[in-house]
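Residue numbers (UniProt numbering): 1 to 660. By construction, the Cβ of each residue, glycine as well, lies at the ideal position given by its N, Cα and C atoms.
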Ligand SMILES: Nc1ncnc2c1ncn2[C@@H]1O[C@H](COP(=O)(O)OP(=O)(O)OP(=O)(O)O)[C@@H](O)[C@H]1O
């Protein structure tokens, strides 16, 4: 944009000179009186060429209308709440030096302001005011707008401003980023007048950067207050008071989010070990040479409540302290990842491959009521829970769900219980007779648990019911039609029973229209999800006012135990802890004694490369046993996931679902 029009007469000489300088830069001249900083030069050129701002027409500051301001403030409500204390503290340090403070949102609108009310008129005119718009596209080069554009802290001192109406101001701004690294606000301190030297503002830059980081971290802590968090620093003395890195983690070590320092560590790590699989989550034990159990036990096991671990990317030692959640997890945080499933099925598991297979198959079967489903799995793995979820997710969920434990009913009564009987059908029966459990399931689901314990004679009758969909109660002369879905479960190996002649093969094939095989708790990769869900269910079932929480050391022990009794045993252990714990926090001390023994033993492999020369069979069988869940295998071996991938690559191991 050439300077072809005469300048307005109202402009002062210093403003005229400033405008000339801008045009000189626009014309590609490189004079010594032009701004030295490249960021400022780039911004001036943007203002001229991209935003088409006319430097000969200085504009008064724009303050948005009240209603617009309210909307902008509402959009950063959570941040404003967290930032208030920091804003007041910073202002108390700069007020006597003649500075004002602005906090803007990511669009450059001033949503919080501190300044001297005696200077109200002057400040408003200069745009140092609540509601002032400091977007670079409108206001030209300025601390807030250029900071938003460049995403970095900046001093914009006097004639570095683009608009000639701002050249008396000195402004210093720093970005405040959200946990994803997006700029969500800018903190700025400005003065109407200042010494001419640029260096006079260097201290402002340090101060505003420091407070921006403190506000950012306060926001991070607030955002992830329900999560376990590690605080880290390279200095042992500082980690508790001002540890610079913050990383929110799941109790199994999976990283949820990190502040700027933590994100930098993650970026270093991924630069060295780029995630080459689709799995994008990283575990803390991949970043540091640590076992997650050691991290979870920091608060209970070590006197000064911190531990040192080496970062894998650059071998720097970090001191780590553990911040436990202030509040227990909310149901919302328990949301299972497979959320495209109907709710009852989604709640069955977190992210376990075997369980996901069960959930997906169950989803396909939920309305296929003519397909009989057999659920297999060790005792306590949740077979009945899965049967109920299948029923509740189908279009007959309003119908009855009748559960029958074939092993619990005495053999002599099982027939009458199942089929029912007419009045006077046998001595000792009820006078009015009884409607059997099978007829009661009409319109809904009959769940026959422990089907392997059904006597052979009854198996024959059940087979008839299944093929004819009719029941003949004892003593009746006409059959009752039943329309039901049949789900059976067994923890026994029915094929072995068939071989021994204890179970009818034809009945087995009739019942086994589809099979859902439940994994044991010890092999589930979503053990943490199960622990939280069972704990949450128990807490919700209690009438107590206060909500107890599970401490990290307890979770660490629960994750390490082998759970021969599966989810039922876990539930009993947690119920015991809830009933006997002295206060509202369940620690490892509150768990039943047996949970602290029988831990899953780790393989004696500690160094990532130590295994490279071993035969691949051990790794293959571990991977197979864990349904090719590399994260689970990495945890068991105590090595990082990339190391497992590298070993797989080196040994030519290819998961079945990658083979073409
Ligand atoms: N996904 C789950 N979420 C919460 N609790 C669960 C889950 N799965 C199972 N449970 C709980 O674990 C206990 C055992 O579950 P369930 O009775 O369904 O197991 P099962 O495999 O049928 O056992 P069995 O073979 O002994 O009959 C129950 O108290 C149930 O509430």
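For residue 181, the number of other beta carbons within 10 angstroms of its own is below 16, and it is reported as exposed. DSSP, reduced to helix, strand and coil, places residue 406 outside both helices and strands of the structure shown, so it counts as coil. Fully enclosed alpha helix (DSSP H) runs of no fewer than 4 residues occupy 437-440 and 456-468 of the region 413-478, in order along the chain. Residue side-chain check: residue 486 keeps its Cβ at 8 Å or more from all non-hydrogen atoms of ligand 1.
Taking a cut-off of 8 Å on C-beta distances, the region 345-363 touches the region 526-535, as three or more cross pairs fall below it.
A direct Cα-Cα distance of roughly 35 Å separates residue 385 from residue 300. With respect to the 9 Å criterion, residue 634 and residue 285 are classified as neighbours on the basis of their beta carbons. A direct Cα-to-Cα measurement between residue 487 and residue 447 gives close to 5 Å. Under the DSSP definition of a beta bridge, residue 231 partners with 246 and 321. Less than 9 Å divides the Cβ of residue 149 from the Cβ of residue 136. For residue 117, the secondary structure class from DSSP, reduced to helix, strand or coil, is helix. In the three-state DSSP reduction, residue 164 falls in the helix class (H, G or I).
For residue 351, the shortest separation between its Cβ and any heavy atom of ligand 1 does not lie below 8 Å. When the beta-carbon positions are compared, residue 484 and residue 555 stay at least 9 Å from each other. Inclusion of residue 455 and residue 411 in the CB contact set at 9 Å is warranted, their separation being smaller than that value.
Here residue 84 is not near residue 132, since their CB atoms are 9 Å or more apart. At least one heavy atom of ligand 1 is found less than 8 Å from the C-beta of residue 491.
Ranking 173, 322, 575 and 653 by CA distance to the CA of residue 535 puts 575 first. Judged by the Cβ position, residue 347 qualifies as a neighbour of ligand 1 at the 8 Å threshold, a heavy atom of the ligand being closer than this. For residue 383, the CB falls within less than 8 Å of some heavy atom of ligand 1.
Just so you know, the alpha carbons of residue 379 and residue 443 end up roughly 28 Å apart.
No Cβ-Cβ contact shorter than 9 Å links residue 218 with residue 365. Residues of the same chain with a CB within less than 6 Å of the CB of residue 592, apart from the 5 flanking positions on each side, are 573 and 576 in chain order.
For the pair residue 223 and residue 147, the Cα-to-Cα distance works out to about 24 Å.
Of the heavy atoms belonging to ligand 1, none sits nearer than 8 Å to the Cβ of residue 176. For a cut-off of 8 Å, the C-beta gap from residue 60 to residue 15 is around 14 Å, too long to register as a contact. Secondary structure of residue 171 (DSSP, three-state): strand. Counting every other CB atom within 10 Å of its CB across the protein chains shown gives residue 242 a total below 16, marking it as exposed. The closest CA to that of residue 547, considering only 45, 585 and 265, is found on 585.
In this structure, residue 490 sits away from residue 653, with a CB-CB distance that is not shorter than 9 Å. As computed with DSSP, residue 373 is found in a beta bridge with 487 and 514. Note on geometry: alpha-carbon atoms of residue 152 and residue 175 lie some 6 Å from one another. For residue 309, the beta-bridge partners assigned by DSSP are 318. Judged by pairs of C-beta atoms under 8 Å, the region 557-564 does not touch the region 387-399, as fewer than three such pairs exist.
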